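Residue numbers (my numbering): 120 to 566. Built from N, CA and C at the ideal position, the CB exists for glycine as well. Nothing here was measured: the structure is a model prediction, and the numbers come from that model. Working notes for the structure below.
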């Protein structure tokens, strides 16, 4: 089966045995096309299993016949009819393929037999510990449940599931039925990996998809399918952020500059919170000498010390938690941005400038991680601190170095975001510091 964006092969058991993406960015480090279907787990897309053991045994012995051997997929869809005879039972699978990677499946049996059909195991791509890989179910109530590889425990059933997906960081294979839903069963495979099956009947229809988790492509098929692009707990923030990122890519024509622009926009939106935090930290720094005096005076009496410190903060309009709360409120946004940039297949093979040829992989020359560490160090130097614990102060000084090593293996797109975020923080901190310096000068002039 050949389409402009992919090529697939159907084996003698009527299953999708191989699936290749045609675009250059979907090739491996050796220039070979990535093979998305993983046969090692023993279940492939469109695989049928019967409850009757004897029929099931025959189903894995008898070959399907096809009404054609080569299919060139047209825009309106191109079909193949696969037929298998199992004694007095005949099973027919009509599969209509579309250029997007979507397909329609129509299964007919000559007589009633209990059977299940699978969308296959998750695509065969490299697994990393930072991203989700396993099964994703959109349940009848619209909620999403994920089962990671290694977490499948016995038979799990999901009646009327709308989407039944096996996915990794970038790719997915799934069935969907957005009206009546699919009777879904998850079985544990090797090392408790989740294997997906849906219950069929004599005249059974559903839709499916194999390919990359490209947000726009999935949305064009049906907006509900974007739920397969899963960002975890902060999905409700991450999806609008990706929509913004995609829009900015349309403006700049470059994913790198889109990340820079998105970072600046996010910083501007969060600026009121950031400003409050910075002002609070400056006030606390001003009061630090007076706090030390109180600590010397009431160091042995914690109750009196706390009482006088609260009076001091109240008198000068300072809040000891004022610097923390705005930061805490921003954490969900930062995590959402992290998830977007970590999982966006759109960044795969996308260049930025000069040495950055792929925003989805680490910077090959470590320039961005070093710049990120240096800007983090500079921001730390100009930010007021009120450390009372020398050990805590030492740890904070080493944070830029720790983060630099931490980000060495991170995707360049994510490191670019953090670097740009640091630059924005430096500009904002300089501005706030200048305001306070001006305020001090005015106070001195009045005296």
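Could you check which residue in the options has the C-alpha nearest to that of residue i?
| i | options | result |
| --- | --- | --- |
| residue 257 | 157, 325, 283 | 283 |
| residue 194 | 340, 278, 276, 241 | 340 |
| residue 182 | 170, 161, 204, 171 | 204 |
| residue 281 | 548, 241, 302, 406 | 302 |
| residue 429 | 317, 410, 420, 415 | 410 |
| residue 499 | 541, 486, 465 | 541 |
| residue 553 | 212, 513, 398, 306 | 398 |
| residue 147 | 297, 479, 484, 538 | 479 |
| residue 157 | 381, 285, 317 | 285 |
| residue 142 | 313, 467, 392 | 467 |
| residue 314 | 292, 130, 524, 426 | 292 |
| residue 296 | 327, 272, 414 | 327 |
| residue 390 | 402, 514, 452, 307 | 452 |
| residue 558 | 405, 369, 489 | 405 |
| residue 211 | 186, 487, 528, 392 | 186 |
| residue 188 | 220, 520, 131 | 131 |
| residue 362 | 124, 459, 520 | 459 |
| residue 333 | 555, 140, 129, 519 | 140 |
| residue 502 | 433, 489, 412, 555 | 555 |
For residue i, count the other beta carbons within 10 Å of its own beta carbon; 16 or more makes it buried, fewer makes it exposed. Which is it?
| i | result |
| --- | --- |
| residue 261 | exposed |
| residue 550 | exposed |
| residue 229 | exposed |
| residue 150 | exposed |
| residue 134 | buried |
| residue 422 | exposed |
| residue 546 | exposed |
| residue 357 | buried |
| residue 276 | exposed |
| residue 537 | buried |
| residue 378 | buried |
| residue 159 | exposed |
| residue 548 | buried |
| residue 346 | buried |
| residue 482 | buried |
| residue 368 | buried |
| residue 520 | exposed |
| residue 469 | buried |
| residue 305 | buried |
Does the separation of the CB atoms of residue i and residue j fall below 8 Å?
| i | j | result |
| --- | --- | --- |
| residue 454 | residue 491 | no |
| residue 517 | residue 495 | no |
| residue 278 | residue 254 | no |
| residue 329 | residue 234 | no |
| residue 192 | residue 122 | yes |
| residue 472 | residue 375 | yes |
| residue 568 | residue 171 | Nothing can be reported for residue 568: it is not among the residues displayed for the chain, which extend from 120 to 566. |
| residue 236 | residue 120 | no |
| residue 392 | residue 449 | yes |
| residue 218 | residue 294 | no |
| residue 240 | residue 162 | yes |
| residue 383 | residue 534 | no |
Helix, strand or coil, according to DSSP, for residue i in the structure here?
| i | result |
| --- | --- |
| residue 138 | strand |
| residue 450 | helix |
| residue 388 | helix |
| residue 338 | helix |
| residue 482 | coil |
| residue 329 | strand |
| residue 293 | strand |
| residue 275 | strand |
| residue 564 | helix |
| residue 373 | coil |
| residue 169 | strand |
| residue 306 | strand |
| residue 153 | coil |
| residue 126 | strand |
| residue 234 | strand |
| residue 190 | coil |
| residue 323 | strand |
| residue 199 | strand |
| residue 315 | strand |
| residue 281 | coil |
Let me see if you follow: with CB-CB separation under 8 Å, is residue i close to chain C or not?
| i | result |
| --- | --- |
| residue 558 | This model lacks chain C altogether, as it is built from one protein chain only. |
Can you give me the Cβ contacts of residue i inside the same chain, cut-off strictly under 6 Å, excluding the 5 residues immediately before and after it?
| i | result |
| --- | --- |
| residue 290 | 155, 242, 244, 331 |
| residue 267 | 253 |
| residue 324 | 225 |
| residue 344 | 337 |
| residue 214 | 199, 222, 224 |
| residue 372 | none |
| residue 184 | 202 |
Go through its chain and collect everything with a Cβ distance to residue i's Cβ below 8 Å, but skip five positions before and after it.
| i | result |
| --- | --- |
| residue 265 | 251, 253, 254, 255, 256, 349 |
Looking only at its chain, what residues have a beta carbon closer than 7 Å to the beta carbon of residue i, apart from the 5 residues adjacent to it on each side?
| i | result |
| --- | --- |
| residue 322 | 227 |
| residue 125 | 138, 139, 140, 141, 220, 330 |
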